[in-house]
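Protein chains in written order, with the working numbering: chain S, 1 to 463; chain R, 1 to 582. Where is the CB? At the ideal position from N, CA and C, for every residue including glycine. Some notes on the structure that comes next.
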């Protein structure tokens, strides 16, 4: 395990810029109750290139469930997309064969439905030209709301492009913070208190009085409005109260701000995405290790053509849509998803390098790599999933294939599907301490009539 | 298992209502004979109609369809409810700059709300979230930090408050807070701010206390939200907005910021009560240069101009294309819109058929304008028979293209969705959308490559209307340049406008002329304007109000400025449905 000096180097920080707090918020009482666990969703786009993502050995039959022990594989037995995760093979679990079945129940744009259903597994309603509105919240928001010891920030949502994937209890999208400099300021601007107060620190320290005054105005006004508008103002007021609490909790955090990100490469240059990934990874690692938050989403949709050596054209329209039949498009999108695997590997490595308790932050963090779609043809079956971390919760080191079990009735076709991904979300919720036995829409239509249940969890993925 | 149908498509969106059962019933009802402009002749405040401030223009277009068959004649005022709206990022930033003028304040990075029909101002989509609330808090901190060094300029108080710091601050806040909140404030409403100032002054100093007080004002609901007041009308559940609420709706629509002195004075005197009074203020405001930015934004969102930012052409095919063209295209489109709306006839027809465009040295060759010389932007005549109007705008055309070939699908879908208000849907999830391979021995045109769409019955239902329009643009390559030949073959730009009229046409110019006179297009654009102005989609209850507004738009030959005036002076804008749910 790394010592602190190594950790700082790993995070690209100068010594002294980070003070690892021992236990700022979690009291010993809380620790006795439940392990301090966190979750991070890394959400990428376009669906994968399944042929180049899946791992198979000659003996396996796709129509039956099987496992592959990743630890026994030689490097060349890994798929080309997952290859960057080879060195981490004992720390990851690959899940193959689940379906975003709820995302296929309705018949409008699959991107709009996929974003809405990925983390909610709730039925979406169409919103013209935008991400759909799911009937319920996303699993991350449910987890964040029910943590007994949240960080100052109940959850953090970051976006390197792309639509929202997190939804509040009314199915409204939770906005993504899309500016990494602002993201840095948001969590670190309130953490330090110099010895000699200047006007600006006086102002910073008196923010709770400002928020208190503002929130009283909301309370007063809300009573004069109709039910719907009142609900909105009351939500605003309650979020101001939360912010007051956040700012107050931040003062207790012993975590000095690192330098703000710098050296941002120009858009459309090959290095643009990696710079952003690393900046958000560093923020996330610090937010986790400093216990600023326990629930983070990183949405990543922006990879310029130069990064994947693609010629001109729109990666989505001109490449992702053609992966089934155009070899060049397939190769470019394979590079695209390989790039994301490399990024995911760096994220996992970074978390594994921060010591915590007798292990690392990664041991206490579930890291999930998922995608709005299954593939470039807008399908929702065999959705690509990789999970890392979480200590001894999951069967790390395994590739777990779920064979199709049911025929679903979708608007235009009858796809064969494996277990619904609702069950994965249920398992993730349970691993984070939720007492749930199902999540989202409890069933989807079955081909030929009847319903397919989506309730329950996925015991096969548990250690 | 795979359903194999070779349908090329371009991204989101691509199948028409006819493909599924999701057709909007309103679409079909509105193109029939029920239109009754006669309702516009009624007294403005006694019907569902738009303002009669210049009713002659509307009635001139009246068909003689019988008024007694029209359920909207003499119908009681009916409105769908409007959800509480908050300032958009543009409105927040313009307001802050107005409040601290002459001190300039940097734009604060605030979240844009999610789009609906391309528009980002819908109240229903402006949900509070932890991030949004913290952005307002950090925004307030930064705004006061930037404003405070020039506190004398905008507050009239000495920088340390002077000997009379408290009274100077109170005098300033007495003027500042009502402006920020867009209506007069009672002493009782001001008192919490005065108290806050006094408490903070006792603990620190004048600038700190004033900063903390202004920060509370900038996070107050009366600043961030449109808190409206109204009084009962004759119709149960419908109330008439007070003059300050109308003033705020007007000034944020037209100028992105709070009322100026003249509008405030009019509101104080209760002179925003009648349709004519509102129309006259709106006319004054639209003539002000401040109106241009805010009104151009409607067009940017309606026309999905941001799509131009994503243009990425194959430089082997288009060696003169460089990424910096995207910004040039955006500017050119903004200038085209501003010119058509404010400096020309101002009609939908002029937007669609104007034979001039703004070009610079980059764009002139693209438009076939050969005698362009000098720096900067000029309004030039376009080659006759090749170009006229928005749908021949090079940036617009290039933003609806693939890297090499233009996309008849993306172009057709735009016209259908945004100009005809016919929703479209994507192909089935497992449709193979790969373009057919080009056979080197049988060169094919772009048009031929897409023919599978209409031959394959799986695709034809949606693609006949889409491609029927999109093929009309085949004279423009993916860079938006005119071409007579495609791959060595003469371009065939014949198309078919599927619908009640089923009109065939040849080329984008003829299509533009047809669209510019088509009442389905005019009604669609009227609906788009309604959405932007009202920051919501029209509901069932708005039917009669929208019918009347549609008729006025048709009657004014699709005049945008006149239509803004029609909407804001209508009861739809000046009244509201109140939510009486406990």
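Pick from the options: whose alpha carbon is nearest that of residue i?
| i | options | result |
| --- | --- | --- |
| residue 620 (chain R) | R:573, R:332, R:389 | Absent from the structure is residue 620 (chain R), since the part of chain R shown begins at 1 and ends at 582. |
| residue 473 (chain S) | S:259, S:262, S:213, S:147 | Here chain S covers residues 1 to 463 and nothing more, so residue 473 (chain S) does not appear. |
| residue 124 (chain S) | S:172, S:315, S:202 | S:172 |
| residue 351 (chain R) | R:410, R:557, R:452 | R:557 |
| residue 252 (chain S) | S:151, S:77, S:120, S:59 | S:151 |
| residue 493 (chain R) | R:481, R:514, R:470, R:515 | R:470 |
| residue 246 (chain S) | S:353, S:334, S:153 | S:153 |
| residue 481 (chain R) | R:565, R:150, R:532, R:368 | R:368 |
| residue 540 (chain R) | R:563, R:461, R:577 | R:577 |
| residue 79 (chain R) | R:414, R:207, R:372, R:239 | R:239 |
| residue 300 (chain S) | S:264, S:278, S:429 | S:278 |
| residue 418 (chain R) | R:186, R:85, R:117 | R:117 |
| residue 81 (chain S) | S:458, S:332, S:415, S:326 | S:332 |
| residue 70 (chain R) | R:570, R:565, R:548, R:401 | R:548 |
Residues in the same chain with beta-carbon distance under 6 Å from residue i, minus the five sequence neighbours each way, listed in chain order, please.
| i | result |
| --- | --- |
| residue 114 (chain S) | 103, 372, 373 |
| residue 326 (chain R) | 308, 309, 311 |
| residue 466 (chain S) | As shown, chain S starts at 1 and ends at 463. That puts residue 466 (chain S) outside it, with no answer to give. |
| residue 573 (chain R) | 567 |
| residue 553 (chain R) | 522, 526, 563 |
| residue 472 (chain S) | In this structure chain S extends from 1 to 463, so residue 472 (chain S) is not present and cannot be described. |
According to the neighbour-count rule (16 or more other Cβ atoms, all chains shown, within 10 Å of its Cβ), is residue i buried or exposed?
| i | result |
| --- | --- |
| residue 191 (chain R) | exposed |
| residue 581 (chain R) | exposed |
| residue 289 (chain S) | buried |
| residue 568 (chain R) | buried |
| residue 245 (chain R) | buried |
| residue 223 (chain S) | exposed |
| residue 232 (chain S) | buried |
| residue 61 (chain S) | exposed |
| residue 316 (chain R) | exposed |
| residue 590 (chain R) | Any question about residue 590 (chain R) goes unanswered here, given that chain R covers just 1 to 582. |
| residue 38 (chain R) | Annotation note: pLDDT 35 at residue 38 (chain R) (below 50); position unreliable, coordinate value reported separately. It counts as buried. |
| residue 306 (chain R) | exposed |
| residue 108 (chain R) | buried |
| residue 414 (chain R) | buried |
| residue 207 (chain S) | buried |
| residue 147 (chain S) | buried |
Beta-carbon within less than 8 Å of residue i's beta-carbon, same chain only, minus the 5 sequence neighbours each way: which residues are those?
| i | result |
| --- | --- |
| residue 527 (chain R) | 421, 538, 546, 550 |
| residue 451 (chain S) | 443, 444, 445 |
| residue 456 (chain S) | 423, 426, 437, 438 |
Looking only at its own chain, which residues have a Cβ that is under 7 Å from the Cβ of residue i, when we skip the five neighbours before and after it?
| i | result |
| --- | --- |
| residue 120 (chain R) | 88, 112, 113, 301 |
| residue 472 (chain R) | 493, 495, 505, 507, 508, 511 |
| residue 364 (chain S) | 35, 36, 37, 38, 356, 391 |
| residue 29 (chain S) | With a pLDDT of 39 at residue 29 (chain S), under the threshold of 50, the modelled position of that residue is not reliable, and the figure given next carries that caveat. Contacts found: none. |
**Request:** Anything in the region 300 to 318 of chain S with a Cβ closer than 7 Å to a Cβ of chain R? List those residues in chain order, please.
**Result:** 305, 311, 312, 313, 314, 316, 317, 318
**Asked** Using Cβ-Cβ distances below 8 Å, what residues of the region 126 to 155 of chain S are close to chain R?
**Response** 127, 128, 129, 130, 131, 153, 154, 155
**Cβ contact (3+ pairs, closer than 8 Å) linking the region 307 to 322 of chain S and the region 162 to 178 of chain S** = no
**Message:** Using a Cβ-Cβ cutoff of 7 Å, what residues of the region 323 to 356 of chain S are near chain R? List them in chain order.
**Reply:** 324, 325, 326
**Prompt:** What residues in the region 189 to 208 of chain R have a beta carbon less than 8 Å from any beta carbon of chain S?
**Reply:** 192, 193, 196, 199, 200, 203, 204, 205, 207, 208
**Message:** Tell me whether the region 124 to 135 of chain R and the region 539 to 557 of chain R touch, counting them as touching only if at least three CB pairs, one residue from each stretch, are closer than 8 Å.
**Reply:** no
**Interfacial residues, the region 384 to 409 of chain R to chain B, with Cβ spacing under 7 Å** = In the structure shown, chain B does not exist; the protein chains are S and R.
**Request:** Pair every Cβ in the region 466 to 474 of chain R with every Cβ in the region 394 to 414 of chain R, then say whether three or more of these pairs are closer than 8 Å.
**Result:** yes
**Asked** Within the chosen definition, does the region 214 to 234 of chain R reach the region 267 to 283 of chain R through at least 3 CB pairs nearer than 8 Å?
**Response** no
**Asked** Pairing CB atoms from the region 69 to 80 of chain S with CB atoms from the region 344 to 355 of chain S, are three or more of them under 8 Å?
**Response** no
**Message:** Three or more C-beta pairs under 8 Å: does that hold for the region 51 to 62 of chain S against the region 81 to 95 of chain S?
**Reply:** yes
**Asked** Can at least three beta-carbon pairs, one atom from the region 442 to 451 of chain S and one from the region 401 to 409 of chain S, be found at a separation below 8 Å?
**Response** yes
**Asked** Okay, do the region 252 to 267 of chain R and the region 261 to 271 of chain S touch, 3+ Cβ pairs below 8 Å being the bar?
**Response** no
**Item:** Contact the region 145 to 160 of chain R vs the region 169 to 177 of chain R: 3+ CB pairs below 8 Å
**Value:** yes
**Message:** Between the region 100 to 111 of chain R and the region 200 to 212 of chain R, can you find at least three pairs of beta-carbon atoms closer than 8 Å?
**Reply:** no
**Request:** Give the residues from the region 166 to 180 of chain S that approach chain R closer than 9 Å (Cβ to any Cβ), ordered along the chain.
**Result:** 168, 170, 172, 173, 174, 175, 176, 177, 178, 179
**Prompt:** Taking a cut of 7 Å between CB atoms, which residues from the region 231 to 251 of chain S lie near chain R?
**Reply:** 232, 233, 235, 236, 239, 240, 242, 243
**Item:** the region 159 to 168 of chain R / the region 132 to 147 of chain R touching (three or more Cβ pairs under 8 Å)
**Value:** no
**Asked** Which residues, taken in chain order from the region 100 to 123 of chain S, show a beta carbon closer than 9 Å to some beta carbon of chain R?
**Response** 104, 107, 108, 109, 110, 111, 112
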